[in-house]
Each structure stands twice: as C-alpha cells, then as structure tokens.
Amino acid sequence: MRGIISIVVRSDKEEEVSPGIFRYTYSVYRNVPANCPSDLSYSHSDTSSINPERTLNNDFSFVFANDTTDRINRIEYIEYRGGVYKVSRIVPYPPRVRISVGNREYRTIDDILKEG
C-alpha cells in the first residue's frame with residue numbers, strides 16, 4: 048500500500064537559536080511517497096497472561112537520498128495520516144530507507160519545530 052508521509056530530520060549540530068542558547072533544529076520534508084503497512088501486525092510478549100502486552104510494528108519504505116552529514120540516520124519523526132510518530136529503527140539500503148515507528152507523539156510537527 049502506498050501513502051504520503053512527512054519526514055522530520057534533526058540538524059547535524061546544535062545551532063544557536065537565541066543568544067547563548069544552543070539546540071538541535073529540525074527540517075521537514077513533506078509529501079514523500081512511501082510504501083506503508085497494509086495491515087497492523089502485533090506480537091505478544093507474554094501469551095500466558097490475561098492481558099498480554101502487544102507491540103505494534105509499522106515499517107515504512109521510501110526513497111530518500113543521503114548527504115555528507117548522514118541525514119538518513121538523523122530522521123527523528125514521521126507524520127502519517129495526521130499522526131506524528133517517533134522513529135525507532137532506520138535501515139538504509141540506497142536509494143531507499145526503511146524505518147520502523149515506535150510511540151505516537153502527542154505533539155504536532157509545528158510543535159516540534161518550535162521547541163527544537
């Protein structure tokens with residue numbers, strides 16, 4: 048299944064956002080076509096308990112060129128279908144990148160860009 052995602056990449060080095068205050072900044076790449084999960088797959092960590100803990104595994108694959116600052120390994124978040132997700136794993140296989148998402152963020156991309 049194909050979809051459109053936005054990719055949030057952390058800066059290579061901390062930048063001075065105001066006098067004497069240094070933080071990482073973020074760049075957003077919007078409208079990136081990606082192969083998205085067609086279904087949700089769960090794995091049980093403990094099948095003998097009454098309420099087994101489930102881990103959601105969503106992988107996304109997309110074309111994303113790397114650069115000399117290794118921006119692929121600085122992908123922090125993606126936005127998919129209105130939700131922002133923390134990236135938990137990055138597997139580059141040029142020219143494609145495969146990422147796994149972890150927890151859903153309660154912040155929007157705009158909030159992440161402001162907070163730095």
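The numbers in the working numbering rise by one with no breaks, and the one at position 61 of the sequence shown is 108. C-beta: ideal position from N, C-alpha, C; glycine also. It should be emphasised that the depicted structure is a prediction, and the values quoted were computed from it without experimental measurement.
Can you pull the DSSP bridge partners for VAL110? Working through the sequence shown from its first residue, we reach residue 110 at position 63. VAL110 is bridged by DSSP to ARG143.
Taking ILE119 as the reference, give the member of GLY130, VAL134, ASN105 and GLY129 with the closest Cα. Stepping through the sequence shown from its first residue, residue 119 is reached at position 72. Put simply, of GLY130, VAL134, ASN105 and GLY129 the residue whose alpha carbon is nearest the alpha carbon of ILE119 is VAL134.
For the beta strand (DSSP E) that ILE159 lies in, which residues bound it at each end? Here residue 159 refers to the residue found at position 112 when the sequence shown is read from its first residue. Here ILE159 belongs to no beta strand (DSSP E); instead the alpha helix (DSSP H) covers 156-162.
What is the C-beta distance between ILE125 and VAL56, in whole angstroms, given that I count them as a contact (C-beta under 8 Å)? Here the question's residue 125 lines up with position 78 in the sequence shown. Here the question's residue 56 lines up with position 9 in the sequence shown. Between VAL56 and ILE125 the Cβ distance is about 10 Å, and since that is not below 8 Å, they are no contact.
Identified DSSP bridge partners for PRO66: Reading the sequence shown from its first residue, position 19 is the one you call residue 66. Secondary-structure assignment with DSSP links PRO66 through no beta bridge to anything.
Report yes if the CB atom of VAL138 is closer than 8 Å to the CB atom of PHE109, and no otherwise. Along the sequence shown, one-based indexing puts residue 138 at 91. Along the sequence shown, one-based indexing puts residue 109 at 62. No.
Could you work out which residue in TYR140, VAL148 and VAL75 is closest to ASP158 when comparing CA atoms only? As a working mapping, residue 158 is identified with position 111 in the sequence shown. The option with the nearest alpha carbon to ASP158 is VAL75.
Hey, could you find the ends of the beta strand (DSSP E) TYR73 is sitting in? The residue labelled residue 73 in the question sits at position 26 within the sequence shown. Counting along the chain, the beta strand (DSSP E) containing TYR73 begins and ends at 73-82.
Quick one: measure Cβ to Cβ for ARG49 and ASN82, integer angstroms, because I've assumed they're closer than 8 Å. Looking up residue 49 in the sequence shown gives position 2. Looking up residue 82 in the sequence shown gives position 35. In this structure, ARG49 and ASN82 form a Cβ contact; the two beta carbons are roughly 6 Å apart against a cut-off of 8 Å.
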